[in-house]
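In the UniProt record's numbering, the protein residues as written are 1 to 148. For each residue, glycine too, the CB sits at the ideal point set by N, CA and C. If you're wondering where the values come from, they're calculated on a predicted model, not measured in any experiment. Input: a single structure, listed below in structure tokens.
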Amino acid sequence: VRNLIEKISSQTEDMEKRHFTTDDELEDMLQRDNLAIFISNIHSDAQFSNRALSEIERRHQDIISLEYSIKELHEIFTDTAMLLEIQGELINNIEKNVTSAGECIHASKEETHKALGYKKNRYKVVSLPSFFQSFRRQAISNHRLLSW
Numbered sequence: 001v002r003n004l005i006e007k008i009s010s011q012t013e014d015m016e017k018r019h020f021t022t023d024d025e026l027e028d029m030l031q032r033d034n035l036a037i038f039i040s041n042i043h044s045d046a047q048f049s050n051r052a053l054s055e056i057e058r059r060h061q062d063i064i065s066l067e068y069s070i071k072e073l074h075e076i077f078t079d080t081a082m083l084l085e086i087q088g089e090l091i092n093n094i095e096k097n098v099t100s101a102g103e104c105i106h107a108s109k110e111e112t113h114k115a116l117g118y119k120k121n122r123y124k125v126v127s128l129p130s131f132f133q134s135f136r137r138q139a140i141s142n143h144r145l146l147s148w
């Protein structure tokens, strides 16, 4: 922005040097009594000054617009940084939950494998009570025989 302002001011100085009537030229015109040329030069200088002023005002508005855009961009970057900071914590929380879920999945796989093992050996476990029942029946029958 500063470079643009410096460029505009240097262009304004150049225009003043090239197109404005100097004091010497004014004195020279007045001494010749050529008032028509003097007035036409003043009129052309005024037109040029108006054009230069319009150009300077347009560029000034462009600079103000550019400054406003830069402020908006700064606000966007500030908001983005704030959102990243907030969402960074959320992302860390999500990552922690995913890790915890992975650990739970691993533990549940182990429990599932144990359950499958118990399911395969279920008959062995179930057969123990029936073994004891048969042992009990024999004991009862032996007891009856002995009591006879």
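Residue i, DSSP secondary structure in three states
i, result
"Asn-121", "coil"
"Trp-148", "Here Trp-148 scores only 48 on pLDDT, less than 50, and its place in the model is too uncertain to base an answer on."
C-alpha gap between residue i and residue j, whole angstroms
i, j, result
"Lys-119", "Ile-105", "20 Å"
"Gly-102", "Lys-96", "10 Å"
"Ile-91", "Asp-79", "18 Å"
"Ala-46", "Asn-3", "28 Å"
"Ser-9", "Ala-52", "11 Å"
"Glu-72", "Leu-66", "10 Å"
"Met-82", "Tyr-68", "21 Å"
"Gly-117", "Glu-110", "11 Å"
"Lys-114", "His-74", "59 Å"
"Phe-77", "Lys-7", "29 Å"
"Ser-108", "Gly-88", "30 Å"
"Leu-84", "Phe-48", "53 Å"
"Ile-70", "Asn-50", "30 Å"
Contact under 8 Å by Cβ, residue i with residue j
i, j, result
"Ile-5", "Ile-94", "no"
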